[in-house]
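There are 2 protein chains.
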Amino acid sequence: MAEFLTPQHEDFSKWYNEIVLKADLADYSPVRGCMVIKPYGYTLWERIREELDRRFKATGHVNAYFPLFIPQSFLSKEAEHVEGFAPELAVVTHGGGKKLDEPLVVRPTSETIIGHMYAKWIQSYRDLPVLINQWANVVRWEMRTRLFLRTTEFLWQEGHTAHATSDEAMEETMRMLNVYTDFAVNEGALPVIPGRKSEKEKFAGAVATYTIEAMMKDTKALQAGTSHYLGQNFAKAFDIQYLDENNELQYVWTTSWGVSTRMVGAIVMAHGDDHGLVLPPRLAPIQVVIVPIWRKNKEKAAVLAAARNIEARLRGLVRVKLDEREGLSPGWKFNDWEMRGVPLRVELGPRDIEREQVMIARRDIPGREGKVSVPLTALETTVQTLLDTVHQALYQKALDFRESHTYDVKTYDELKEAVQHGFARVLWAGDGEDEEAVKAETKATLRCLLAEPAETPGKCVYTGRPTDQVAIFARAY
Amino acid sequence: MAEFLTPQHEDFSKWYNEIVLKADLADYSPVRGCMVIKPYGYTLWERIREELDRRFKATGHVNAYFPLFIPQSFLSKEAEHVEGFAPELAVVTHGGGKKLDEPLVVRPTSETIIGHMYAKWIQSYRDLPVLINQWANVVRWEMRTRLFLRTTEFLWQEGHTAHATSDEAMEETMRMLNVYTDFAVNEGALPVIPGRKSEKEKFAGAVATYTIEAMMKDTKALQAGTSHYLGQNFAKAFDIQYLDENNELQYVWTTSWGVSTRMVGAIVMAHGDDHGLVLPPRLAPIQVVIVPIWRKNKEKAAVLAAARNIEARLRGLVRVKLDEREGLSPGWKFNDWEMRGVPLRVELGPRDIEREQVMIARRDIPGREGKVSVPLTALETTVQTLLDTVHQALYQKALDFRESHTYDVKTYDELKEAVQHGFARVLWAGDGEDEEAVKAETKATLRCLLAEPAETPGKCVYTGRPTDQVAIFARAY
């Protein structure tokens, strides 16, 4: 199978489309811009869900579910929000065979309908904070779609919180940005740059949007999660007020934050190689695959028995699969599991049984260098240690790649050059129009503004204005 | 709080609406027929999901995700299917500001879109069986809606499988009916009657529909899950064919099966009482609540410390919550947790600490009879045993209730009387028109046909035709 994959250096975009299909992550659907998430891809999403959900609950959040449909008039209540989302809406005009009095939009995001409910639920300071998350599908009518990266319908979680004070809302916004960073690093082996979006790039209706940006293997940026400080914009649009301790009416302060199935695309493009997926061990649907090897038929029974014994020992400790498929050569199976990015492959043949050992091959290091022979007595501990080792190695490799493709540049000419090869880290004091001009000329956008000021202030790479604000520019998904 | 609940005997329907709102399970939304599932209700749904999903995976199924939107023309490919669902469709006519060439329906169920994909994925007998489940939202434009029981949008799982033979598909249909029965009994403490739907009541497009029917406390029936044997209806409509071992093209045989958020309503109405919810322990979001009790302020610190110690001992073993809320009396808290149906309440005051014991009150047995004092040394084991005891007691109580409201009747007059008070178990050889006549006169419908024939054959209660087929008739949700 592997030989049919277009090499990344030849055409990264083609490689991506091929690997998503060939590794059975997803498929195109007959519905414009919508994809089917196949079982292997969905299991990866389930792992992402579990790890995010665990973190949300550990930070005091609970899940709930709000309607898919939103009255069209709700969108218009927040001026910037409707401006941002109106062009992307899918609209239900008929229900039960009749034309509706008011059309319903299919949620592109749920600030409005949730804002409406919060206005009903929140009466007193005792009701605050409200810390709710929703796992849901949303629809945005995109012009150009790509599997996982940009689809008309996608799956995501959207957190929506309400607080008594601005400080608490901002603290929540940053807490969730940190949760996303922690998830990306410790589950996805994905180094990310947290920062603030520019005014031009922020969420429609937010006061400020924070993002985590990751570098893909083609050196483009991918926004992997966002956390919005909404101030009182939606509180005022939906009249979410509470009586404070002095019995005075106050508007709440709200936040929202989301991660979507796009994360699957990030993982594919950050770690994958010319042989296929390379999945981070903590998210991999299958962490260890066992491939039994025999040449003569009389060896088969003993090898299979030993392989089943190994599977039994690992089951419960790691997500393990024994590949017992008939009529396929070990080599074919190796390629197949490499395509699917399984982190560790355990090979077991008659000679291994004799020597009371197995061979373990790491997906992240191709060929002989990635292989170790492990005595059966050390099986469990070695597998567990190796999974952590692979995780660290993937993270370090992605980080090194990003660092070696990040350029501190001083001039606009240098920026133009740098964004052809990776991230440009620049001093920036421009506005939205300046960003537009840079984008028109270079295709690069302002990915985020860093929290830390520059050690040495200087001049904006584009406007020449003095500043200590550091920005990352890159071409992006 | 509890005193504000309408008693069940006075107006069961009103009791239901009140308890769903007061126990914070759900709320009405501004969107016609759509509800908001609040965190407490959603956590109950998460527990239902987990227990069902575990069973699906244990029987070899995997999850995937298919598009929300379905081209309108797809529905028409299966004649009965479109006839059944056409009146209930929500239709998207506009996307991204433009009128669509072909309207998209919001999925009411996914046989059609999944059938289309299976036709693409299935080529050979080696690709079979396909055992996929989807967790999703679906939309059916209902005329009269009730929280959880019948809402325009609802959450559910829908399994869709494809098989090489009719026998295998039928085996799968029955396997999943058994999974649902096992879930209802062992997680929901819900006695259910499995059986086959009549031709009139079967799923639009199915060859046969199997159901589990439960009795609610008002003696009405509720269909709590269905499993459909679809024969080759959808295979032929969507051209799902495979090459068999003799290299001949064959149509596959398919099934589908689903359980929805309706299950929450079933649990509420099967176990709840005039004090509120009574949740089955294995699904309860909170299994044990600890209420610390003190009269004098100087007692507070010691009581809270002891309560926290108890919480720490139970955490990890059961889902436990310590109610530390200030300014609320223990009595108020008792009522509040009774309303929410927490199976066990641990009460702890200064005298209990002195005696090294706690009082444990069972939600399912009101008043003193439900209380036991438990030495602290036996805390963990007693709590775990009691949760099982409560589960068994709830199941037995619901079973006794159903049995005592199920009537074996021989004549149509008896049937008319019986369905006013519960289930009528009858011999039945009628057709759809006969069912229609019975419904018009009695409001009762044929809930299911039992697999077991009658011990003594006799005459159909309505048509007088000889038969050994046993049917359950009841008024239903």
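Protein sequence lines correspond, in order, to chains A and B. Quick note: the first sequence uses our numbering, first residue 1, plus one each step. Quick note: the second sequence uses our numbering, first residue 1, plus one each step. The beta carbon of each residue, even a glycine, is placed where N, CA and C say it ideally should be.
Applying the criterion that 16 or more other CB atoms from any shown protein chain within 10 Å of the CB defines a buried residue, is residue i buried or exposed?
i	result
residue 295 of chain A	exposed
residue 372 of chain B	exposed
residue 15 of chain A	buried
residue 253 of chain A	buried
residue 284 of chain B	buried
residue 83 of chain B	exposed
residue 117 of chain A	buried
residue 337 of chain A	buried
residue 434 of chain A	buried
residue 329 of chain A	exposed
residue 143 of chain A	exposed
residue 323 of chain B	buried
residue 249 of chain A	exposed
What does residue i reach in chain C if we use C-beta pairs closer than 8 angstroms?
i	result
residue 132 of chain B	In the structure shown, chain C does not exist; the protein chains are A and B.
Is any non-hydrogen atom of the ligand ATP found closer than 7 angstroms to the C-beta of residue i, if you look at the structure I gave you?
i	result
residue 30 of chain A	As for the ligand ATP, it is missing from this structure, which has no ligand bound.
Could you say which of the options lies nearest to residue i if we only look at CA atoms?
i	options	result
residue 446 of chain B	B:65, B:357, B:432 and B:72	B:432
residue 113 of chain B	A:36, A:363, A:393 and A:96	A:36
residue 49 of chain A	A:180, A:119, A:144 and A:332	A:180
residue 8 of chain B	B:268, B:463 and B:312	B:268
residue 395 of chain B	B:413, B:345, B:316 and B:364	B:364
residue 64 of chain B	A:26, A:123, A:368 and A:366	A:26
residue 53 of chain B	A:51, A:53, A:46 and A:54	A:46
residue 405 of chain B	B:477, B:455, B:472 and B:320	B:472
residue 243 of chain A	A:165, A:275 and A:399	A:165
residue 5 of chain A	A:340, A:324 and A:455	A:340
residue 10 of chain A	A:273, A:178, A:320 and A:122	A:273
residue 229 of chain B	B:121, B:411 and B:199	B:199
residue 444 of chain B	B:455, B:463, B:466 and B:415	B:415
residue 478 of chain A	A:320, A:383 and A:375	This structure leaves residue 478 of chain A out entirely; chain A is present only between 1 and 477.
residue 163 of chain A	A:182, A:130 and A:134	A:130
residue 41 of chain B	B:51, B:29 and B:21	B:21
residue 220 of chain A	A:251, A:265, A:393 and A:409	A:265
residue 448 of chain B	B:209, B:167, B:402 and B:300	B:209
residue 191 of chain A	A:412, A:263, A:92 and A:410	A:263
residue 300 of chain A	A:421, A:326 and A:417	A:326
residue 55 of chain A	A:225, A:183, A:238 and A:119	A:183
Excluding the 5 residues preceding and the 5 following residue i in the sequence, name in chain order all residues of the same chain whose CB lies nearer than 8 angstroms to its CB.
i	result
residue 17 of chain B	146 and 147
residue 453 of chain B	468, 469 and 470
residue 275 of chain B	2, 5, 335, 338, 339 and 366
residue 370 of chain B	361, 362, 363 and 364
residue 318 of chain B	287, 288, 383, 384 and 387
Residues in the same chain with beta-carbon distance under 6 angstroms from residue i, minus the five sequence neighbours each way, listed in chain order, please.
i	result
residue 140 of chain A	88 and 108
residue 137 of chain A	153 and 155
residue 281 of chain A	287, 343, 387, 390 and 391
residue 450 of chain B	195 and 470
residue 423 of chain B	406, 472 and 474
residue 135 of chain A	157
Return the chain-ordered list of same chain residues with a C-beta closer than 7 angstroms to the C-beta of residue i, the five sequence neighbours on each side being excluded.
i	result
residue 347 of chain A	291, 293, 358, 359 and 361
residue 32 of chain B	152
residue 34 of chain B	151, 152 and 153
residue 123 of chain A	242 and 243
Against chain B, which members of the stretch 80–100 of chain A pass a CB distance test of less than 7 angstroms? 87, 88, 90, 91, 92, 93, 94, 95, 96 and 97
Taking contact to mean 3 or more Cβ pairs, one atom from each stretch, closer than 8 angstroms, check whether the stretch 153–162 of chain B and the stretch 253–262 of chain B are in contact. yes
Inter-stretch contact (C-beta, 8 angstroms, three-pair minimum) for the stretch 228–235 of chain A and the stretch 195–212 of chain A: Yes, the stretch 228–235 of chain A is in contact with the stretch 195–212 of chain A.
Kindly confirm or deny that the stretch 105–113 of chain B and the stretch 451–461 of chain A touch, where touching means at least three C-beta pairs closer than 8 angstroms. no
For the stretch 107–119 of chain B, enumerate the residues whose C-beta is nearer than 8 angstroms to any C-beta of chain A, in chain order. 113, 116 and 117
Determine which residues of the stretch 49–66 of chain A have a Cβ less than 8 angstroms from any Cβ of chain B, and write them out in chain order. 62, 63, 64, 65 and 66
Any contact of the stretch 51–61 of chain B with the stretch 97–106 of chain A, i.e. 3+ C-beta pairs under 8 angstroms? no
Taking contact to mean 3 or more Cβ pairs, one atom from each stretch, closer than 8 angstroms, check whether the stretch 436–443 of chain A and the stretch 181–191 of chain A are in contact. no
Scan the stretch 151–168 of chain A for residues whose Cβ lies nearer than 7 angstroms to a Cβ of chain B and list them as they occur along the chain. 153 and 155
Taking only beta carbons into account, state which residues of the stretch 1–27 of chain B come closer than 8 angstroms to chain A, listed in chain order. 27
Between the stretch 418–437 of chain B and the stretch 172–179 of chain B, do three or more beta carbon pairs fall short of 8 angstroms? no
At a cut of 8 angstroms, does the stretch 215–224 of chain A reach the stretch 304–321 of chain A through at least three beta carbon pairs? no
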